[in-house]
Structures are given as structure tokens and as C-alpha cells.
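Asker: This is the structure I have questions about; it appears just below.
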Amino acid sequence: MNNKWKPIYMIFFLLLFYLEPTVALGQNRFNMTYLYFGRTDQYVEFVDNARRSVGTISPNYFEINDDGSLKMTAKYNKQFVDEMHRRGIKVVPFISNHWDRALGRVALGHRVNLSTQIANAIRDMNLDGVDVDIENLTEVDRDANTDFMALLRSKIPITKEVSIAVAPNPYDWKNGWQGSYDYPRLAQVLTGSRDYLMIMAYDESWEGSDPGPVASLPFVDKSIQYAINKGVPRSKIVLGLPFYGRFWKTDGTLKGVGISHWQVYDLMDRYQGTVTMDSSSQTPRFDFTIGPGDPPSTIAYKTLTTGNYTVWFDNEASLKKKLDVVRKYNIKGTGNWSLSQEEDSMWDYYSLWLNGLFFSDIQSHWAKSYIQTVQGKGWMVGVSSSRFAPDSPLTRAQGATILVRALGLENASPKTSFPFRDVSSSHWARKYIHLAKEKGIISGMSETSFAPDTPLTREQMAKMLNNLMQYSNSALPSSPPYADVSPDRWSYQVIVNLSQRKIFSGVSTSAGLFFKPTGRTTRAEMATLMSRMATDIESLIY
Numbered sequence: 005m006n007n008k009w010k011p012i013y014m015i016f017f018l019l020l021f022y023l024e025p026t027v028a029l030g031q032n033r034f035n036m037t038y039l040y041f042g043r044t045d046q047y048v049e050f051v052d053n054a055r056r057s058v059g060t061i062s063p064n065y066f067e068i069n070d071d072g073s074l075k076m077t078a079k080y081n082k083q084f085v086d087e088m089h090r091r092g093i094k095v096v097p098f099i100s101n102h103w104d105r106a107l108g109r110v111a112l113g114h115r116v117n118l119s120t121q122i123a124n125a126i127r128d129m130n131l132d133g134v135d136v137d138i139e140n141l142t143e144v145d146r147d148a149n150t151d152f153m154a155l156l157r158s159k160i161p162i163t164k165e166v167s168i169a170v171a172p173n174p175y176d177w178k179n180g181w182q183g184s185y186d187y188p189r190l191a192q193v194l195t196g197s198r199d200y201l202m203i204m205a206y207d208e209s210w211e212g213s214d215p216g217p218v219a220s221l222p223f224v225d226k227s228i229q230y231a232i233n234k235g236v237p238r239s240k241i242v243l244g245l246p247f248y249g250r251f252w253k254t255d256g257t258l259k260g261v262g263i264s265h266w267q268v269y270d271l272m273d274r275y276q277g278t279v280t281m282d283s284s285s286q287t288p289r290f291d292f293t294i295g296p297g298d299p300p301s302t303i304a305y306k307t308l309t310t311g312n313y314t315v316w317f318d319n320e321a322s323l324k325k326k327l328d329v330v331r332k333y334n335i336k337g338t339g340n341w342s343l344s345q346e347e348d349s350m351w352d353y354y355s356l357w358l359n360g361l362f363f364s365d366i367q368s369h370w371a372k373s374y375i376q377t378v379q380g381k382g383w384m385v386g387v388s389s390s391r392f393a394p395d396s397p398l399t400r401a402q403g404a405t406i407l408v409r410a411l412g413l414e415n416a417s418p419k420t421s422f423p424f425r426d427v428s429s430s431h432w433a434r435k436y437i438h439l440a441k442e443k444g445i446i447s448g449m450s451e452t453s454f455a456p457d458t459p460l461t462r463e464q465m466a467k468m469l470n471n472l473m474q475y476s477n478s479a480l481p482s483s484p485p486y487a488d489v490s491p492d493r494w495s496y497q498v499i500v501n502l503s504q505r506k507i508f509s510g511v512s513t514s515a516g517l518f519f520k521p522t523g524r525t526t527r528a529e530m531a532t533l534m535s536r537m538a539t540d541i542e543s544l545i546y
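Residue numbers (this note's numbering): 5 to 546.
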């Protein structure tokens, strides 16, 4: 392995900390959610809990009679529809056969009349469209399925939504349920600007299957790739995400039973257990034990008795990665099955993450674009799921961690003894500090002290970056470049090195040019530096 750094070309880094970039605001991406569970008098409360993160509600108002005609459910409520409209939320009920293949085929056999009945109901009840969720058909029903959507589109005003929930098809299956959806033709007949295909990218594992994730990141990603590769416009692709997981009892008596995400967290509180992130699926797994003296729990009418259990679900980390698929492929947005199954705090960040903002405290910040860049690269993370704290000082431990991550060394193992006595074995950054010291990126306050939680100063950051790049010493100028950095200061040489390469610029005042060597480095400033140096950092070979 080559232990030398590649040469780094001059980085023009003028006014690093004071130049405000021009950035585009995040998009307001589409998010819809199905409304199926709960009582109708709870629906407004469910919507309130979503914290204005939902633009379209799809309640269970439409079903299918045995003769293929439209059946209105008892859940329709005019007051609820009016209240949603008052809030600017669209109400687009879904029609479903609830996995009944025979009933689905009867519906398609009477699609001319059924489509007319649906269009009339939308008009008479002041609804905003329809979502078709007819599942468990096969390839023999493909053309009828497409024709049904074309009929709906021709009879429902173009200003209203016509959408279809489709099976995920990450492996291009031609037959069975996946074969019943002709993605390209469906996209062609759905001509309205509000129309879309809702790709149900879940139930990768199902009730009765072996334990596994409901929606692994590769499964989700490939499902969206399939739609794009089939020619579906990105503006007509909606990523469907589950608000539920599944659990298995290790003795095989319970296999893949559905569980709402909020119930998973209740089980954690009740039984403790262990949560691990599966690296291949990028999905968490919760393992727990119910002992002989523990109280039982009931989930989905199933009693959880003494034994060992595994739950696959989504948490903040996994959901964040799935929402980033929307940004990655620039698709319309997301859909959720279903409202009231989520863990409540999820709504604190869902809309931000869907729109690629990730942090609520950077939306109008001058360093927003830089923060998004380093967050996307995994070099910096927030102080919580929804806050970056851009103007907070960066600690020495955080600085070391960022540089180790930027070099892709986070999975490396230190090979030397750890020198710093003030970094406990339980300190979150101990490994990163160890690796950074081992690679010569950092030094301590003394041979045995690092001061991990003290703020990183500008001159200390200059030293770290100089070590990272392994710059040769520049010729010293005839006079100091900064009024507050004298030639006998310990950091003088590295500040000169970085300044002559235009990596840093001082602050010009009427009293002269100042570097502010002991000034604190903020998290926004570090993000800006790392973002602008990204290409050069990534070219390093360690």
C-alpha cells in the first residue's frame, strides 16, 4: 500500500468563513399516506400527528361489491373531507380488493361501469381523485388492469388525481402479481400532472417467510431503478414505504406477523433487548426475550408468550437512507402504508429528510449547501435527527472524526497502543482519535492528553489539515501575513503553508489582516471547508 499522499493542487479558498453561497431551496416533494386503521373520529388526530408532512390522504372509502360494482364504506365522512380541504390536503380514496383475486377479476370484468361509478362518486362527494389498489392478480390480467386505468383517466377530470399502487419488481419478474402491472403502458395512460405509480417497495419478507427485512435498502433501490429503466417518467414515480415491521418467534410458531412501528418501540421499553443494524440490508433488527416472569404482549391478535423474538423494522437511520432514494433518483415523492402505524417522533424529521434538508436549523443558513454535501458523503452527522447545530463550536474529537471518515478509515482498526489518558474507553470518538493519531493527522495537547471535548481552534484545524495533506513547508514571508500571528507562534508555519495555498483567508479590518488563531471553529465552517476540498480529499491514497 502506498503510504504517501498524492500531491494536492492549489485550492482557491477565498473568504472561507464569510462568503455566503447562493443555493436553491429544497423542493417541496410529494407525500401521501393511506388511512386504513382506526376509527373515523380519530382521523383528524392522525393527520395532526403528521405535523403538516402529508399533502394527500387516501382513506378507505371505496370497495368492490361481489358483482363488480362500487361499494361505499361506512368510513366516508363529509366533515373530514371538508376539514382536509380547509387545510389544503387532498382526499384521494383508494379502492381495493384486499388481495381477493376473484373479486379483483370481477371488478376488471365490469371496469366500464365501475370506472363510471368511481368518477361519479368523486364528483358527488367532492373528492380529489382515486388510487387503485387491486392486488394479487397475474400476468393474464395485465391488459385489463391497464385499460381500467385508462377508463378512469378518461372519465375523471384531468385536474384530479388518478394513481395506481403497483407491486415492486426489482428483479423484472414477468409472471404472477408483478406481471399484472405494465409499468410503461400505465405511465402512458396516466396523463394527468397529478397522476403516478405508487411503488409498494415492501413485504420483501412476509407473513410465513423466513426472518428478514420488510424493505431492505437494496430492494427499495432496485424497485425504483426498475420503474425508471422501463421508461416511467420520474415525475410519475412515488416510493411506497411501510410504517410497519414484522416479527418472528425463534421456535417457528410466529412467522412474519405484522407490527406497527410504534408497537416495536413499546416492546423495546417493556423487554429491553438489543437493536443491531444489518449491514447488507441497511435495516435494523430488534432481538428480545420474554422471560417466565415477564408480562405477555398482544400484537395483531397474537399473544407473545415466553421465548425469543426477532423484529425487523425501520428506525431513523434506515428511513433516512430510504428517503434519500427519492433525492438520488429525483422522483416525485413518497407514499406510506399507513397513517397511525408510525412511531410518532418520525414526523419531526420526515418532511425535512424527504426534501433533502435533513436538518431543521440549516434551511436559511449560509452554509446549507456545504452541510448537505458533507452529510451526504457521511463525513459529518447531526447532533440529533433533525438538528445540525451549524453555529456550535466543533470539538477536537469531532474534528478528528470528520477527517477519519473523509479518508474512509472508519472501519479500520488501530494497531498501536492508545496514548491519551483523558479519552475514556467509552468515549464515542476514541477509535477515531486513535486512528487519526496513528495516521499522523492529529497530535495531543501533550503526549498523554488530547482534550477531546474542548473546542477546536482555527490554528489547530490548520495543523490537522496540514498533516492530512502532508504539505511541504512554504518559504516564510519577509513579514507576517497576519497581524495576530507572530513568527514565533507554534502554528505560524502551518498557517503560512495553508494561506499561501489559498486554503485560508484572514479577516480584513481597518487595523489589518487577522487570522484569529484561537478562534473557535464552528460546525458550519468545517462543513464548508470539507465540502470545497472534497475532490482533493477524495483523490488521496492512504
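C-beta: ideal position from N, C-alpha, C; glycine also.
Does the pairing of the stretch 208–227 with the stretch 311–322 give three or more beta-carbon distances under 8 Å?
Answerer: Touching, yes.
Asker: Is the number of C-beta pairs between the stretch 224–233 and the stretch 201–208 that are closer than 8 Å three or more?
Answerer: Touching, yes, given that three or more Cβ pairs across the two stretches are closer than 8 Å.
Asker: Assess, as a yes-or-no matter, whether the stretch 360–376 is touched by the stretch 257–275 under the definition of 3 or more beta carbon pairs within less than 8 Å.
Answerer: Verdict: no, contact absent.
Asker: Nearest by alpha-carbon distance to N470: which of D348, S373 and V498 is it?
Answerer: For the residues D348, S373 and V498, the minimum Cα distance to N470 belongs to V498.
Asker: Pull up the distance between the alpha-carbon of V500 and that of T405, whole angstroms please.
Answerer: The alpha-carbon atoms of V500 and T405 are separated by roughly 25 Å.
Asker: Give the straight-line distance between the Cα atoms of D145 and V236, rounded to the nearest whole angstrom.
Answerer: Each residue's alpha carbon lies about 20 Å from the other.
Asker: Quick check on T302: does DSSP put it in helix, strand or coil?
Answerer: DSSP places T302 in strand when its eight states are reduced to three.
Asker: Which one or two residues does DSSP pair with G249 in a beta bridge?
Answerer: G249 is bridged to I263.
Asker: To the nearest whole angstrom, what separates the beta carbons of F41 and S344, a pair I think is in contact under 8 Å?
Answerer: Correct: roughly 5 Å between the Cβ atoms.
Asker: Exposed or buried, what is E451 when buried is set at 16 or more other beta-carbons lying within 10 Å of its beta-carbon?
Answerer: Exposed.
Asker: Return the chain-ordered list of same chain residues with a C-beta closer than 6 Å to the C-beta of D352, the five sequence neighbours on each side being excluded.
Answerer: Same-chain partners within the cutoff: S390.
Asker: How would you write the range of the alpha helix (DSSP H) that I437 sits in, first residue to last?
Answerer: Residues R434 to E442.
Asker: Taking the alpha helix (DSSP H) that N149 belongs to, which residues open and close that run?
Answerer: That run of the alpha helix (DSSP H) goes R146 to K159.
Asker: Name the one or two DSSP bridge partners that P459 has.
Answerer: Answer is T399, bridged to P459.
Asker: Candidates N149, A410, V85 and L155: which alpha carbon is nearest A123's?
Answerer: Closest option to A123, Cα to Cα, is L155.
Asker: Is the stretch 164–179 touching the stretch 89–109 in the sense that three or more CB pairs, one from each, lie closer than 8 Å?
Answerer: Counting Cβ pairs under 8 Å, three or more are found: they touch.
Asker: In the DSSP assignment, find the unbroken beta strand (DSSP E) run with W210 in it and report its ends.
Answerer: No beta strand (DSSP E) contains W210, which DSSP labels as neither H nor E.
Asker: Straight-line CA distance for S476 to A321?
Answerer: C-alpha separation (whole angstroms): 41 Å.
Asker: Within the chosen definition, does the stretch 365–379 reach the stretch 49–62 through at least 3 CB pairs nearer than 8 Å?
Answerer: No: the two stretches stay apart, fewer than three of their Cβ pairs being nearer than 8 Å.
Asker: Do you know offhand how far T309's Cα is from R90's?
Answerer: Rounded to the nearest angstrom, the two C-alpha atoms are 47 Å apart.
Asker: So for L323, helix, strand or coil by DSSP?
Answerer: Correct three-state label for L323: helix.
Asker: Is R289 helix, strand or coil when you go by DSSP?
Answerer: Note: R289 maps to strand in three-state DSSP.
Asker: Start and end of the beta strand (DSSP E) containing P188?
Answerer: It is not in any beta strand (DSSP E) - P188 instead sits in the alpha helix (DSSP H) that spans Y187 to V193.
Asker: Do P397 and T525 have their CB atoms nearer than 8 Å?
Answerer: In contact: P397 and T525 (Cβ atoms closer than 8 Å).
Asker: How big is the Cα-Cα spacing for L74 and Q121?
Answerer: Computed Cα separation, rounded: 6 Å.
Asker: Our contact map puts D273 next to G311 with C-beta atoms below 8 Å; I'd like the distance itself, whole angstroms only.
Answerer: Wrong, their Cβ atoms sit about 19 Å apart, outside the cutoff.
Asker: Rounded to the nearest angstrom, what separates R289 and N69 at their Cα positions?
Answerer: Rounded to whole angstroms, R289 to N69 spans 40 Å at the Cα level.
Asker: If distances are taken between C-alpha atoms only, which option among T513, R198 and Y313 comes closest to T278?
Answerer: Ranking T513, R198 and Y313 by Cα distance to T278 puts Y313 first.
Asker: Quick check on this structure: which residue in D137, E208, T539 and D86 has the alpha carbon closest to the alpha carbon of G108?
Answerer: That would be D137, whose Cα lies nearest to the Cα of G108.
Asker: When the Cα atoms are used, what is the spatial distance from I303 to G212?
Answerer: Going from the Cα of I303 to the Cα of G212 covers about 16 Å.
Asker: What residue range is occupied by the uninterrupted alpha helix (DSSP H) comprising V498?
Answerer: Here the alpha helix (DSSP H) through V498 covers Y496 to Q504.
Asker: So, with DSSP's three-state summary, where would you put F223?
Answerer: Looking at F223 - three-state DSSP - the assignment turns out to be helix.
Asker: Taking its Cβ as the centre, do 16 or more other Cβ atoms sit within 10 Å of Q464, making it buried, or is it exposed?
Answerer: When all chains shown are included, Q464 counts as buried.
Asker: Under DSSP, the beta strand (DSSP E) around E542 begins and ends at which residues?
Answerer: Element bounds for E542: not the beta strand (DSSP E) but the alpha helix (DSSP H), A538 to E542.
Asker: Can you confirm whether the stretch 281–288 touches the stretch 234–248 when touching is taken to mean that 3 or more C-beta pairs between the two stretches lie within less than 8 Å?
Answerer: Not touching, per the Cβ criterion.
Asker: Would you mind listing the alpha helix (DSSP H) stretches within the stretch 306–368 that are 4+ residues and don't spill past its ends, in chain order?
Answerer: Runs found: 320–333 and 354–358.
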